[in-house]
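Visitor:
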C-alpha cells in the first residue's frame, strides 16, 4: 500500500484502520469498542479489550517456538561486560521477578518506581511490573534526590527497584545514598526497596525495608500474566513541567501495544528476528518505546547498550556495535551524531567496521540539523531519517515510512505525518495556515493510539497543558511549517522563535546555517533582548576537535553566511566559542535556559541536565564579554 493510501485511510476511517492493526496482536479479549470518550471527554482507545503487554512481548513468542531466539543483546563497554538473553531466558527472569514483586505486595494498579542504569535487570523490572498489571515509573538512574523525591510523592510506589551503582566513563555513581536521601525527603515512603548489587559497588541494606535482588528472585515462584483493560495504565513517565513540577505522562496498555507494533513495521521496516538498536536509555521515552516494548512485541532482538557514542573507547563505538551484532536499524539522538562528528570529522571509524547489514539510521529527540545529516549520510553511505515525536506521543508524529513507502529525503524535514496523526499548522488564533507559512504545530483530535490520555492524577492539568491552546487540537509546543510537497519542517520549540524588529525568525534556521560552517561541531542560537529591535540573535558555537580559528574571524564569516541566506534582517552579529553546550541527558540543548540567563532573568537548571557545571561556565564567559544584561 502506498503512503498516501495508508495515511488517508487512517484519517477517513480511524476506527477501522486501528482495529485492523490491533488484530495483529494477541489479546485475551479483542476490543469491541475501538474508540470512545471517557467521563472527562477524553478520547480513549480499545477500552473494553483485555491484554497483557508482557505476554505479548514474551510468552507469545515462546509459545510460537521462538524461545531460543535472542531477545536482548547486552553490551556494556563501561563495565567490560557482554551477554545475550533468549526469549525463553528473559521470560523466566521476568516471571520470577514478577513473583518477587508479588511477594512484596505488588498487585494490579500498584506503582513500582525503577531507578536503575542501563542493564538487563532494568528491562526485566519493567516487564515484571507489566506482567502483574502494575504501573512502572522509570526514573533515570542517578537523578538527584530532590527530583526523585518529587516523583515518589506523585507516583506513590509500593516498591522501588534499584541497583547499587551506575557506571560512567571515569567514575562509579553509587545509587543507594541518592535513593536513601530521596526517600528521606519524600512524604511518601515505599514499603520495600529491592537492590541489585553490582560488583563495582555494594550497598548496605536497611533491615525491614531493603532486599537483595538476587536473593529475593531466587526464592520467588514465577508469576502468571494478569489481564488488564486496554485503557489501564502501563507506565508513568515524567516530563519537565512549565512550573518546575514534572508532569506524569500516562501510557495505556492497549493503544501502546498496537501503535508500537505497527510502528516497527511501518516506520523502521523491521520484523521477527531483526536486530534493532535504539541507542538511548530506559529512563527516556525512546528507551521505553524502542529499547523495551516495541522490539520485543515485534519479535526483534533489541540492544541494551551501557556506554557512550564516544570515549567508550572511541568515536567508532556505535559502528562497532552495529558490525558485531548485525544491527539492521539504528536509532539515536542528533547529539550523539554531532559528538561523533566532532571527534571523527573525516569519518575514519566508518571504514573500520562492516556496516553491510545496517540499512537505515534514524534520529529523533530534537531537530537533526542538515549539516550533521549530510555528513552522516556521506560517511555511512546509509539513508539517515529524521523523525519527530515527543514523550507525550510515545512514537513518531512525522516520519519517512521505510516499511510502507520510503520517500526522498529532504534535509531539515522529518518528512510526512505518520498514519493516525492529523498534523496542522495554525496561527495564534487557531486558524489553519497555508503551505509554506510558519506557525504552531498542532495535532487534530483524536490523537492516535499510544498517545497520552491524561497526566497522572490530574486530568485538569492534562487539559490545561495540552488541549486548551487550540480548541479540538493537541498543542505540540513546537513551531514549523508544511511545504508544497506535504513535508513537515519542525523548526524547534515555540520558545525558540525570536522577534527581530517585528519579524518572527526561527533560531533553528540560523543554527542550520551556522552548523554548515566547516569548523562548527554544534551550535545554539538564542535571542538577546534589545531595546531597539526587540530581540537580536547571538550564536554559541562548539568547534570540531583539532580545528583552530579565532572568534572574531569565525563571527565575521558567520555574519556573512547568515546575511547571504536570511538577509540583514536577521541582525546576526555576535558569535561566542564555548567548550560545550548545556543539554539534557537525552540530548536536548537548553536554549530557553540560556536565553533566560543572557537576559538576566531568573532561571532554573532542569534536573535532566547532563552536566550541571556547564551553565555556570557559560555564564562566566558571557559575563566577562558583557553579553549578559544586568
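Numbering (the UniProt record's numbering), first residue to last: 1 to 630. Glycine included, each C-beta is placed from N, C-alpha and C at the ideal position.
1. Looking at the secondary structure, which residues open and close the alpha helix (DSSP H) in which residue 335 lies?
2. Which residue marks the beginning of the alpha helix (DSSP H) containing residue 410, and which one marks its end?
3. Going by C-alpha distance, which of 540, 92, 77 is nearest residue 621?
4. Residue 161 and residue 116: beta carbons closer than 8 Å?
5. So does the segment 174 to 182 actually touch the segment 134 to 146, counting three or more Cβ pairs closer than 8 Å?
6. If we require 3 or more residues per run, which beta strand (DSSP E) segments fall completely within the segment 286 to 372?
7. Do residue 417 and residue 490 have their C-beta atoms within less than 8 Å of each other?
8. In this structure, does DSSP put residue 449 in helix, strand or coil?
9. Helix or strand or just coil, what does DSSP make of residue 146?
10. Per DSSP, which one or two residues make a beta bridge with residue 115?
11. Just to confirm, is the Cβ distance from residue 361 to residue 385 under 8 Å?
12. Kindly indicate which three-state DSSP category residue 506 falls into: helix, strand or coil?
13. Note the first and the last residue of the continuous beta strand (DSSP E) segment covering residue 440.
14. CB-CB under 7 Å to residue 437, same chain, minus the five flanking residues each way: which ones, in chain order?
15. Are the beta-carbon atoms belonging to residue 323 and residue 353 less than 8 Å from one another?
16. Taking a contact to mean a Cβ-Cβ separation below 8 Å, would you say residue 291 touches residue 301 in this structure?
17. Residue ranges of each beta strand (DSSP E) run of no fewer than 3 residues wholly in the segment 207 to 289, ordered along the chain?
18. Give me the Cα-Cα distance between residue 396 and residue 263, rounded to the nearest whole angstrom.
19. Could you give the uninterrupted runs of the alpha helix (DSSP H) lying entirely in the UniProt domain "Acetyl-coenzyme A synthetase N-terminal" (3 to 57), keeping only those of 4 residues or more?
20. Can you look up residue 1 in the DSSP assignment and give me helix, strand or coil?
21. Under a Cβ-count criterion, where at least 16 other Cβ atoms within 10 Å of its own Cβ denotes burial, should residue 59 be classed as buried or exposed?
22. Could you tell me the boundaries of the alpha helix (DSSP H) in which residue 427 lies?
23. So residue 348 packs on residue 310, CB below 8 Å; how close in whole Å?
24. Can you tell me whether DSSP reads residue 596 as helix, strand or coil?
25. Straight-line CA distance for residue 167 to residue 76?
26. Hey, could you find the ends of the alpha helix (DSSP H) residue 93 is sitting in?
27. Classify residue 207: buried if its beta carbon has 16 or more other beta carbons within 10 angstroms, exposed otherwise.
28. Okay, do the segment 133 to 141 and the segment 222 to 235 touch, 3+ Cβ pairs below 8 Å being the bar?
29. So for residue 62, helix, strand or coil by DSSP?
30. Ordered along the chain, which non-local residues of its own chain (more than five positions away) have a Cβ less than 8 Å from that of residue 609?
31. By a C-beta neighbour count over all protein chains shown, 10 Å radius and 16 as the cutoff for buried, is residue 195 buried or exposed?
32. Are the beta-carbon atoms of residue 169 and residue 308 separated by less than 8 Å?
33. Per DSSP, what kind of secondary structure is residue 604 in: helix, strand or coil?
Guide: Taking the geometry as given:
1. Per DSSP, residue 335 belongs to the alpha helix (DSSP H) from 334 to 343.
2. From DSSP, residue 410 is part of no alpha helix (DSSP H); its letter is neither H nor E.
3. 540 is the residue among 540, 92, 77 whose C-alpha sits nearest the C-alpha of residue 621.
4. For residue 161 and residue 116, yes; Cβs fall inside 8 Å.
5. Yes, the segment 174 to 182 is in contact with the segment 134 to 146.
6. Within the segment 286 to 372, the complete beta strand (DSSP E) runs of at least 3 residues are 301 to 305, 329 to 332, 360 to 363.
7. At a Cβ-Cβ threshold of 8 Å, residue 417 and residue 490 do not count as neighbours.
8. In the three-state reduction of the DSSP assignment, residue 449 falls in the coil class, being assigned neither a helical nor a strand state.
9. In the structure shown, the three-state DSSP call for residue 146 is helix.
10. Paired residues: 162.
11. For residue 361 and residue 385, yes; Cβs fall inside 8 Å.
12. Correct three-state label for residue 506: strand.
13. It spans 439 to 444 - the beta strand (DSSP E) in which residue 440 sits, taken as one unbroken run.
14. Counting only Cβ-Cβ distances below 7 Å, and skipping sequence neighbours, we find 425, 481.
15. Yes. Within cutoff.
16. With contacts defined as CB atoms closer than 8 Å, residue 291 and residue 301 fail to qualify as a contacting pair.
17. Whole beta strand (DSSP E) segments, 3+ residues: 210 to 212, 233 to 239, 247 to 252, 275 to 278.
18. Answer to the nearest angstrom: the Cα atoms are 8 Å apart.
19. The UniProt domain "Acetyl-coenzyme A synthetase N-terminal" (3 to 57) contains these whole alpha helix (DSSP H) runs: 3 to 12, 14 to 22.
20. In this structure, residue 1 counts as coil in the three-state DSSP scheme.
21. Burial call: buried.
22. From DSSP, residue 427 is part of no alpha helix (DSSP H); its letter is neither H nor E.
23. With a contact defined as Cβ atoms closer than 8 Å, residue 348 and residue 310 miss out at about 13 Å.
24. DSSP places residue 596 in helix when its eight states are reduced to three.
25. For residue 167 and residue 76, the gap between their C-alpha atoms comes out near 10 Å.
26. Per DSSP, the unbroken alpha helix (DSSP H) holding residue 93 starts and ends at 87 to 103.
27. Counting Cβ neighbours within 10 Å, residue 207 comes out exposed, since fewer than 16 surround it.
28. Touching, yes.
29. Residue state, collapsed to three classes: helix.
30. These residues qualify, in order along the chain: 582, 583, 584, 585, 590, 615.
31. Classification for residue 195: buried.
32. Yes. Within cutoff.
33. Under the three-state reduction of DSSP, residue 604 is assigned to coil, being neither helix nor strand.
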